[in-house]
Amino acid sequence: MLNIILCGAPGSGKGTQSELIVKKYGLQHLSTGDVLRAEIAKGSELGKQIDALISQGNLVPDDMMYGVIENYISSLPADCKGTIFDGYPRTVSQAESLTRLLKKYGMEAVMIDLLVDEQLLIQRLIERGKVSGRADDNLNTIRHRIAVYHNQTEPIAHYYLHHGNYVAVNGNHCVDDVFLQIERILDK
Ligand code: AP5
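Quick look at the structure:
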């Protein structure tokens, strides 16, 4: 089973590369951002709380995210080839929870870290913001999301490096070239 944690700053290409990986390798794709936006779209009380956090560019609390991941992993079909975790984990505490949960089901995961220069991240997200309708795709919130990424998410790279499950990819190139690097890693 091939479990991939696709990590990277906002706009690094996690969603874009996930789609390509799904197409070629037939993995399941879990985007925690999509799960949270779906909850917001329902207009539930929980969705309103999530909306307040996401639209400011802040993370949703770890305990709320744990339920999402536990539900997902415990209901994976028996013939599942593996999962791309897109946007999870985002804190060291989430990484520790994920390791424990995967271990419980006899699985592990490798982290692929998409490294992209900050100016390029901002450019991509501003461009996407013209059509995405996402409340967090505006310059102030983008800057805050990137700061949150540096403070809370970047440390998980050390966590996976320490556990020997870490590969970095240069995400500054065009979509196809980034995917080529990922294919080389996955085809090993
Ligand atoms: P999430 O939806 O995961 O957003 P994000 O991490 O900010 O990432 P983006 O979707 O903005 O970018 P991406 O890296 O997927 O890039 P994409 O492929 O779209 O999370 C949103 C929010 O939910 C978080 O801020 C947080 O509040 C909350 N949340 C989610 N998970 C959580 C968790 N685990 N814990 C707590 N809170 C959580 O590409 C971006 C743009 O660039 C696109 O227009 C694309 O076409 C373009 N592009 C992509 N690659 C390239 C390329 N190589 N060259 C040129 N353009 C490119």
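Going left to right, the sequence shown walks through residues 2 to 189 as the working numbering numbers them.
Just so it is clear, CB atoms sit at the ideal spot from N, CA and C, and this is done for glycine as well.
Please read these numbers as outputs of a predicted model, since none were measured by experiment.
Helix, strand or coil at residue i according to DSSP, with G and I counted as helix
{"i": "A42", "result": "helix"}
{"i": "N166", "result": "coil"}
{"i": "G14", "result": "coil"}
{"i": "G9", "result": "strand"}
{"i": "D188", "result": "helix"}
{"i": "D114", "result": "strand"}
{"i": "N171", "result": "strand"}
{"i": "D178", "result": "helix"}
{"i": "N152", "result": "helix"}
{"i": "A237", "result": "Residue 237 is absent from the structure shown; the chain starts at 2 and stops at 189."}
{"i": "A96", "result": "helix"}
Beta carbon proximity, residue i to chain D, threshold 8 Å
{"i": "T17", "result": "No chain D appears in this structure, which consists of one protein chain only."}
CB of residue i within 8 Å of CB of residue j, strictly
{"i": "N173", "j": "D87", "result": "no"}
{"i": "K32", "j": "S19", "result": "The amino acid at residue 32 is misidentified as Lys; the sequence shows Ser. In contact: S32 and S19 (Cβ atoms closer than 8 Å)."}
{"i": "S94", "j": "D114", "result": "no"}
{"i": "L140", "j": "I127", "result": "yes"}
{"i": "A10", "j": "I147", "result": "yes"}
{"i": "I55", "j": "L37", "result": "yes"}
{"i": "R144", "j": "D138", "result": "no"}
{"i": "I51", "j": "L102", "result": "no"}
{"i": "Y67", "j": "S98", "result": "yes"}
{"i": "N166", "j": "L116", "result": "no"}
{"i": "I183", "j": "I85", "result": "no"}
Cβ-Cβ separation, residue j to residue i (assumed contact under 8 Å), whole Å
{"i": "L28", "j": "L60", "result": "Actually they do not touch by this definition, with Cβ atoms about 25 Å apart."}
{"i": "Y160", "j": "A96", "result": "5 Å"}
Of all the alpha helix (DSSP H) runs that stay within the bounds of the stretch 29-89, which reach a length of 4 or more residues?
33-43, 46-55, 63-75
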